[in-house]
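Below: one structure, written as structure tokens.
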Amino acid sequence: MSVTATWKGGPPAAAEKPAKQRYLAVDGLRGVCALALLFTHVAMIAGVLGTKELGGTIASTSAVGGFFTGGLQIFAGVFFVLTGMFVYQGFAKSIINGTPRKREGTVIRRALRLLPAYYVMYFVVLIALNLQQVDSVWDVLRPMALLHIYDWDGWSNGMEITWTVPDMAQFYLLLPLLAWATFKFASRGETARARAYRMMLPVPVLFAAGIAWLLYSQMNGLGTRALFWYPMGLMPEVAIGMVIAIWLELQKAAPGEAPKLLTFAGRHRVLFLGIALTCLLINCARPGSEIGMDDYYSLTALGIFYGLLAILSASLLLSMVAPGPESRLIRAVFTNRVILFIGKISYGVYLWQFAVMHFYLQKPNAYFNGEPMPLMLIRAGTGFWELQLVTLVGTIILSTISYYLLERPLMNWGERVIKRRAARKAAAVPRQREESVPV
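With our numbering as the guide, the letters of the sequence shown map in order to residues 11 to 449.
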């Protein structure tokens with residue numbers, strides 16, 4: 011039995027439970043990933059991680075701290091594997107089982123989950139920290155249109171981490187298109203297994219596109235930002251999520267045809283956690299690059315990181331969702347109340363962390379059309395643990411407010427809208443006229 015349950019808690023749910031059941035450990039995994047990224051970003055600004063972005067080499071202020079925090083950015087890939095899995099799973103279920111897919115509400119749910127919290131954060135930092143940069147209406151509209159990642163010269167204070175939002179939005183659009191493109195071909199499979207493996211046709215294409223972008227971006231000196239801020243760089247992670255989604259639905263439709271790796275992962279969850287931990291430690295050691303720095307400085311180093319990113323993300327997710335016996339370790343680490351709460355508000359924790367650091371580090375005259383400094387120019391002016399505590403507490407407060415006053419109410423409203431639309435459509439379908447039968 012996989013480590014699953016509803017939001018309200020309760021015993022692990024069987025794999026045959028309705029699709030609305032969520033993977034409880036995955037919610038905790040979101041919290042772990044959000045905290046890991048917060049730690050590494052605070053380390054960058056506090057000077058624990060060295061940098062070469064300011065001209066010359068500025069070394070890490072802590073060898074031990076630089077070693078461990080320098081490897082944590084690898085957790086960003088997990089979010090994209092989750093996107094591939096959850097967005098593609100409905101399509102996989104429909105095609106593998108040969109049943110119509112419920113299309114109601116997909117766009118509304120994704121838009122309400124991604125955009126409102128992002129827009130609120132954007133307008134806060136726009137007014138507080140970026141008015142002096144506004145020269146035209148396009149300067150304001152570009153981040154709203156999710157195009158700001160393609161204009162690094164106009165990068166906004168507090169928006170440093172928001173490259174993932176446009177990437178996610180583009181994958182929300184791409185994945186349904188991929189499912190549509192492979193629908194006829196996959197549906198012709200005579201068995202559930204055949205249909206499942208036909209659905210994987212886009213997977214090698216996405217892997218090839220990601221590797222090609224890695225080579226092209228680095229051989230042309232575009233840097234690490236271009237590699238990951240453009241969606242092509244994370245296509246392999248999304249492809250991994252697609253594969254896991256297909257495997258899970260195949261296991262439900264034809265348990266005897268379940269992939270051996272999925273079955274093995276369900277029986278050896280701790281082993282897969284160990285694989286992920288090994289990838290993390292290797293990434294901390296920065297093979298091919300420099301330990302304790304905030305970037306990778308060779309194609310070899312980025313290639314190794316690229317592979318580690320995929321293996322860690324796949325191993326972590328398989329350890330959570332593969333059908334099989336529970337793991338006490340996973341339950342203790344990923345389903346305790348604290349980490350589940352962080353997982354619930356993890357989107358806000360991710361969005362607000364750079365804004366909180368700006369609010370704490372900028373001088374009083376920096377706000378509201380003042381002259382704020384880029385964080386990289388005021389880095390290393392505050393102790394790591396001081397900045398870590400302030401950033402953690404600040405993001406949790408803002409994320410909690412965002413979740414309970416904005417995100418959850420809007421998502422609940424969206425569900426009501428979806429239900430009303432479905433009810434109207436059902437009522438509009440003409441009923442079959444009953445013929446009277448003489449007695």
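Heads up, the beta-carbon is just placed ideally off N, CA and C, and yes, glycines get one too.
Q. Rounded to the nearest angstrom, how far is the Cβ of G38 from that of G353, given a contact under 8 Å?
A. 5 Å
Q. Measuring CA to CA, which of G65, G66 and G80 is closest to S72?
A. G80
Q) Which one of L283, G233 and M303 has the shortest CA to CA distance from F77? A) M303
Q: Express the C-alpha separation of I221 and Y414 in angstroms, rounding to a whole number.
A: 40 Å
Q) Rounded to whole angstroms, how far is the Cβ of N140 from the Cβ of H368, which I believe are closer than 8 Å? A) Actually they are not in contact, since the Cβ atoms of N140 and H368 sit about 10 Å apart, beyond 8 Å.
(Q) Give me the residue from L45, A206 and F181 with the minimum Cα distance to F193. (A) A206
Q | Alpha-carbon spacing of K262 relative to A202, whole angstroms | A | 10 Å
Q) Going by the beta-carbon positions, is the gap between F85 and L47 smaller than 7 Å? A) yes
Q) When you compare only the Cα positions, how much space is there between M245 and G94? A) 9 Å
Q. Apart from the five residues on each side of it in sequence, which residues of its chain come closer than 6 Å, Cβ to Cβ, to A249?
A. V213, L216 and F217
Q | I68 (DSSP reduced to helix, strand or coil) | A | strand
Q: Tell me whether K62 is buried or exposed, calling it buried when 16 or more other Cβ atoms sit within 10 Å of its Cβ.
A: exposed
Q: Could you spell out the range, first to last residue, of the alpha helix (DSSP H) harbouring M209?
A: A202 to M209
(Q) Rounding to the nearest angstrom, what Cα-Cα distance links T410 and Q83 in this structure? (A) 23 Å
Q | For M169, three-class secondary structure by DSSP | A | coil
Q) Given that a residue counts as buried once 16 or more other Cβ atoms are within 10 Å of its Cβ, and exposed if not, what is Y357? A) buried
Q. Which residue spans inside the region 340-380 form an unbroken alpha helix (DSSP H) run of at least 4?
A. 347-354 and 356-371
Q: State buried or exposed for N230, treating a residue as buried only when at least 16 other CB atoms are found within 10 Å of its CB.
A: exposed
Q.
By the DSSP assignment, the alpha helix (DSSP H) with H51 in it spans what residues?
A. L34 to A56
Q) Based on the DSSP output, what are the partners of G276 in its beta bridges? A) G276 is not bridged to any residue.
Q: Kindly provide the ranges of any alpha helix (DSSP H) runs that are 4 or more residues long and lie completely inside the region 88-156, ordered along the chain.
A: 116-139 and 147-154
Q) Cα separation between L258 and A268? A) 8 Å
(Q) Please give the ranges of any alpha helix (DSSP H) in the region 387-418, keeping only runs that are unbroken, at least 4 residues long and fully inside the region. (A) 394-412
Q: Measure the C-alpha to C-alpha separation of F195 and Q99 and round it to an integer number of angstroms.
A: 18 Å
Q. Taking all protein chains shown into account, do 16 or more other C-beta atoms lie within 10 angstroms of the C-beta of K103, making it buried, or fewer, making it exposed?
A. buried
Q) Using DSSP with H/G/I as helix, E/B as strand and the rest coil, what is Q31? A) Residue placement at Q31 cannot be trusted, given a pLDDT of 36 that sits under 50; what the coordinates show is reported in the next sentence. Q31: coil per DSSP, three-state reduction.
Q | Candidates S227, A189 and Q228, of which the one nearest M210 by Cα | A | A189
Q: Kindly indicate which three-state DSSP category M303 falls into: helix, strand or coil?
A: strand
Q. Touch check for the region 52-62 and the region 274-281: three-plus C-beta pairs under 8 Å?
A. no
(Q) Just verifying my parser: in three-state terms, what is the DSSP assignment at G220? (A) helix
Q. Span of the alpha helix (DSSP H) holding D161?
A. Element bounds for D161: n/a, residue is neither H nor E.
Q: Output the boundary residues of the alpha helix (DSSP H) element that contains S323.
A: L309 to V331
Q | Test item: CB-CB of I276 and A332 under 7 Å | A | Strictly speaking, residue 276 in this sequence is Gly, with Ile absent from that position. The answer is yes: Cβ separation under 7 Å.
(Q) For G115, which residues in the same chain have their Cβ closer than 6 Å to its Cβ, ignoring the five residues on either side in sequence? (A) I428
Q | Outcome for L136 when other beta-carbon atoms lying within 10 angstroms are tallied against a minimum of 16 | A | buried
(Q) Using only the alpha-carbon positions, how far apart do T345 and F49 sit? (A) 21 Å
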